[in-house]
Structure formats: structure tokens, C-alpha cells
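A.B. asks:
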């Protein structure tokens, strides 16, 4: 079955710098890749997603890139701010059942 | 805006107790899910349901059962709580399955079994 690996588990960056979180998936048939953000004590919420027919998608300071050949996708956050501190989860969805398979999460710490 | 409400934010139960975690969504979503969240392990699917009275096992169903008698309500049951079930439990809902699965989560129930 599908497996999603996420790195790093913890990422600490200086405020204003960029942050990159990477995920790899095992099943080349997976075709939908969302990213969820979970702030401390709050629920996970979808922040950006990408379909397999697209290589990159941007929304203000966040972007996601997808490399289907290498089977990996990444979340990029530019000009990081304190409110970006959270745990970020990647996931992959397989068209056979549309179930999301989750990465283990990355704790992003923004240092002032 | 979709609202997914979990009845308890914190619960403390004793080993062997039967525990009910309740979840209600207000957007007429077809699908509902129960996950458990543990540090370093991400979100692991316990059970899900595509319709009333339907249930499917997820990745870690052992020690759990579920009930979906009404479309808006999905209950997770720990038949006999054990200390290794101490965790954060997240309920989620989504529209019917499709290429883009957007999950709407509740705020979670932190369960401690002593």
C-alpha cells in the first residue's frame, strides 16, 4: 500500500527566512497531495494542495511543488513569520479509494 | 463554514472502562473519520464511515469500535480502555469521495487512561 515519509521531523528557522518540508510517497498512482497545518492546541486545517497534473502551486507565501518522477512533493514557506509556527502534515491520496495516507508531521519553529 | 464538534476536550478514564467519544458535524457530509494522533506517528486512521450504519476499518482498529446511527454523528468506542490508548483523538468529516479529499477536523479529545 501507499507510504508517505516526511522530513524533517523538526525544523527551526529564523524569522524572515524560508522553510522547506519534504515528503516522498511510494505509489506512483497517487494523484492528490494536500498539506495541513496544525497550530498548538488547534485542529489541522488544509492550507494548500496539488493535483498530479500540476507541478507547482502558490498561494501568497506558501507553495507546493510536485516531482512525479521522483515521487516527492515539498512545501515551501517564504518570509516566515511567528504565526507559521505549527506542525505541518503532508498526505497522499490514491484514486482507488481516495483515502489520505499521512506523513508523520514536521514541527516548524520560527525563531524571533 | 463546516463545524465538527467533539463532545469532550479532555477525558481521564481508568483501565478497563468503556469509553465513548462523540463527534457531530453540521454540513451533511457523507464521510466521517476517527484518527489518533501521537507524536512522531502522525495521524493514524482508526475507523471511517461512508454512510449511515456503514463502517470500515482503518489502519489501527484493534481495541476500538464505532457507531454511526445518524448521518451527522460518529461515535468512537473503546470497549475496555487500556493505557496504550492514551492519545489525542481527532474526528473529521468530508464530502463524498473524490479526487480532492478535504477533511474538516474537530478540535480533538485528549484521552488519558490511568
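Chains as they are written, first to last, in this note's numbering: chain A, 59 to 170; chain B, 56 to 169.
Glycine is no exception: its CB is placed at the ideal position from the N, C-alpha and C atoms.
(1) Per the contact definition of three or more C-beta pairs closer than 8 Å, is the region 59-67 of chain A in contact with the region 78-88 of chain A?
(2) Please list the terminal residues of the continuous beta strand (DSSP E) segment that includes residue 10 (chain A).
(3) Return the chain-ordered list of same chain residues with a C-beta closer than 6 Å to the C-beta of residue 128 (chain B), the five sequence neighbours on each side being excluded.
(4) Which value, in whole angstroms, describes the spacing of the CA atoms of residue 158 (chain A) and residue 95 (chain A)?
(5) Roughly how many angstroms separate the alpha carbons of residue 137 (chain A) and residue 100 (chain A), rounded to a whole number?
(6) Pull up the CB-CB distance for residue 172 (chain B) and residue 151 (chain A), whole angstroms please, since I reckon it's below 8 Å.
(7) Check whether the Cβ of residue 151 (chain A) lies closer than 7 Å to any heavy atom of the ligand GDP, and answer yes or no.
(8) Measure the Cβ-Cβ separation of residue 168 (chain B) and residue 73 (chain B) and say whether it is below 8 Å.
(9) Report the partner residues of residue 239 (chain A) according to the DSSP bridge assignment.
(10) Would you mind working out which of A:119, A:124, A:130 and A:128 sits nearest residue 141 (chain A), comparing C-alpha positions?
(11) Of all Cβ atoms in chain B, is any one closer than 8 Å to the Cβ of residue 90 (chain A)?
(12) Given a cut-off of 8 Å on the beta-carbon distance, is the pair residue 122 (chain A) and residue 129 (chain A) in contact?
(13) Is the beta carbon of residue 164 (chain A) closer than 8 Å to that of residue 104 (chain A)?
(14) Using the Cβ count rule (16 or more neighbours within 10 Å means buried), how would you classify residue 164 (chain B)?
C.D. replies: Inspection of the coordinates gives the following:
(1) Contact check between the region 78-88 of chain A and the region 59-67 of chain A: three or more CB pairs, one atom from each, fall below 8 Å, which counts as touching.
(2) With chain A covering 59 to 170 only, the question about residue 10 (chain A) has no answer from this structure.
(3) For the purposes of this step, residue 128 (chain B) is identified with residue 73 of the second chain, where counting begins at 1. Hits under 6 Å: 79.
(4) Numbered from its first residue, the first chain carries residue 158 (chain A) at position 100. Numbered from its first residue, the first chain carries residue 95 (chain A) at position 37. Approximately 15 Å, taken between the alpha carbons.
(5) Position 79 of the first chain, counting from 1, holds the residue named residue 137 (chain A). Position 42 of the first chain, counting from 1, holds the residue named residue 100 (chain A). Taking the straight line joining both Cα atoms gives about 23 Å.
(6) In the structure as shown, chain B starts at 56 and stops at 169, and residue 172 (chain B) therefore has no counterpart that could be examined.
(7) Absence of the ligand GDP from the depicted structure is noted, as is the absence of any ligand whatsoever, leaving it without description.
(8) Stepping through the second chain from its first residue, residue 168 (chain B) is reached at position 113. Stepping through the second chain from its first residue, residue 73 (chain B) is reached at position 18. No, Cβ-Cβ distance for residue 168 (chain B) and residue 73 (chain B) is not below 8 Å.
(9) With chain A represented from 59 up to 170, any question about residue 239 (chain A) goes unanswered, as that position is not in the structure.
(10) For the purposes of this step, residue 141 (chain A) is taken as residue 83 along the first chain, with counting starting at 1. Measuring from the Cα of residue 141 (chain A), the nearest candidate turns out to be A:119.
(11) Position 32 of the first chain, counting from 1, holds the residue named residue 90 (chain A). At least one CB of chain B lies nearer than 8 Å to the CB of residue 90 (chain A).
(12) The residue given as residue 122 (chain A) occupies position 64 in the first chain. The residue given as residue 129 (chain A) occupies position 71 in the first chain. No; because the gap between Cβ atoms is not below 8 Å, this pair is not in contact.
(13) Here residue 104 (chain A) refers to the residue found at position 46 when the first chain is read from its first residue. Here residue 164 (chain A) refers to the residue found at position 106 when the first chain is read from its first residue. Not closer than 8 Å, so no.
(14) Mapped onto the second chain, residue 164 (chain B) falls at position 109. Taking a 10 Å sphere around the C-beta of residue 164 (chain B), we find 16 or more other C-beta atoms and assign the residue as buried.
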